[in-house]
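A.B. asks: Would you mind keeping the following structure in view while I ask a few things?
In the working numbering, the protein residues as written are 598 to 717.
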């Protein structure tokens, strides 16, 4: 988790908070989640060939196969970075999915995407 990602969450997901609340959250994050400064242990899935899992290049692959992408829906949207280890309700996940599932923000906050395409 880098500063850019933290800022994205702060500015886009926690934007309803006032400056005092955001400051308190930043202090809490730095004190209570010290592992944010350590490297992420790579999951076994990091060894898989994921060249087809890039929403920036997936259009080219689909075009080569004779399809036109109509929409990309981002899934498994996280209300906050998983490394924060914050507790969220099912409603929080639902709200995040509805808000970011079909926008560019979902590309950053979701862990997967679904392509809706039509044969041309």
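Glycine included, every Cβ here is placed at the ideal spot set by N, Cα and C.
Secondary structure at residue 598, three-state DSSP: helix, strand or coil?
C.D. replies: For the purposes of this step, residue 598 is taken as residue 1 along the chain shown, with counting starting at 1. Low local confidence applies: a pLDDT of 48 at residue 598 is under 50, so the model's placement there is unreliable, and no value is given.
A.B. asks: Curious, which full-length alpha helix (DSSP H) runs of at least 4 residues does the region 682-707 contain?
C.D. replies: Whole alpha helix (DSSP H) segments, 4+ residues: 687-697, 701-706.
A.B. asks: With DSSP run on the structure shown, which of helix, strand or coil describes residue 650?
C.D. replies: Stepping through the chain shown from its first residue, residue 650 is reached at position 53. Coil, per DSSP.
A.B. asks: At which residues does the beta strand (DSSP E) containing residue 667 begin and terminate?
C.D. replies: The sequence position of residue 667 within the chain shown is 70, counting from 1. Note, residue 667: beta strand (DSSP E), 664-672.
A.B. asks: Just grab the DSSP bridge partners of residue 715 for me.
C.D. replies: Within the chain shown, residue 715 is the residue found at index 118, counting from 1. For residue 715, which the question treats as bridged, DSSP gives the partners 665.
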